[in-house]
Structures are given as C-alpha cells and as structure tokens.
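Trainee:
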Amino acid sequence: MPTFIAFGSLGVALLTFLLGILHNPKWYYISALMMYIFSFMTGFSIGYYVLSVTFALLALALAHSIVKVNRNLWNVLLSVVALIVGYVFWLMIIPYVPYSQFYWPIAIILRLFGL
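Residue numbers for the sequence shown follow this note's numbering, beginning at 46 and rising by one.
1) Which one of GLY56, ALA51, LEU136 and TRP119 has the shortest CA to CA distance from PHE100?
2) Could you say if the stretch 55–62 and the stretch 77–89 meet the contact criterion of at least three C-beta pairs nearer than 8 Å?
3) Are LEU96 and TYR73 closer than 8 Å when you measure CB to CB?
4) Are ILE91 and SER54 touching if we call contact CB-CB under 8 Å?
5) Does DSSP classify ILE75 as helix, strand or coil?
6) What number of angstroms, rounded off, separates the C-alpha of HIS109 from the C-alpha of PHE134?
7) Helix, strand or coil, according to DSSP, for PRO70 in the structure here?
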C-alpha cells in the first residue's frame with residue numbers, strides 16, 4: 046500500500062505539473078504537495094532529491110501567483126529559476142539539516158488523527 050501511495054502521488058504530481066504548464070499555473074501547488082508526499086514516502090533513499098523538486102515547484106507556483114505570466118518565454122524562465130533554486134537548496138541546505146525536520150506538517154496531521 047505505501048508503494049501505491051508513493052507512486053500514485055508521483056503520477057499525480059507529474060500530471061498536475063503538465064496541467065500547470067499547459068493550462069493553469071495554480072496546478073503547481075497540487076504538484077508540489079504531491080511531490081512532498083512522494084518525498085515523505087520514499088524516505089531516505091531519494092527523499093532529499095525529491096524534496097528539492099518540491100521547493101522548486103513551490104517557488105514556481107509563488108512566482109506565478111505574484112507575477113502575471115502571459116508569455117511562454119517567462120514560463121520557461123521561471124521554470125529555470127525555480128530549478129536553480131531547488132538545486133541550490135539541495136546543495137547548500139539539505140546536507141546540514143536533519144531529514145526529519147522537513148516533515149513537521151505530516152507529524153502534526155498524524156498526531157491530530159491519533160496515529
């Protein structure tokens with residue numbers, strides 16, 4: 046079951062990322078949430094790498110929310126900037142912070158439901 050949840054969230058993340066590119070940039074938020082869940086489910090194996098993609102998607106979503114992007118050139122430029130931000134996050138921040146500190150929202154939700 047956890048494998049189904051992990052790869053299901055990855056599939057939804059990729060689908061919503063494509064919908065964000067093609068139709069409405071608000072899909073980036075759902076894509077970031079699904080990548081966050083995928084990162085949590087994959088744990089220590091590839092979780093750090095996927096977590097940097099999550100923050101890159103959040104940067105992309107926030108950039109689209111703040112700036113009205115009307116041209117495809119701006120969309121590509123913001124995508125490249127978001128990927129660079131995610132890479133810098135992965136390179137500079139993640140090796141020095143314990144992995145479990147990124148999952149406090151999930152810990153709060155689990156405690157609320159008594160799990």
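We treat Cβ as the ideally placed atom computed from N, Cα and C, and that holds for glycine.
Mentor: According to the structure shown:
1) LEU136
2) yes
3) no
4) no
5) helix
6) 20 Å
7) In this structure, PRO70 counts as coil in the three-state DSSP scheme.
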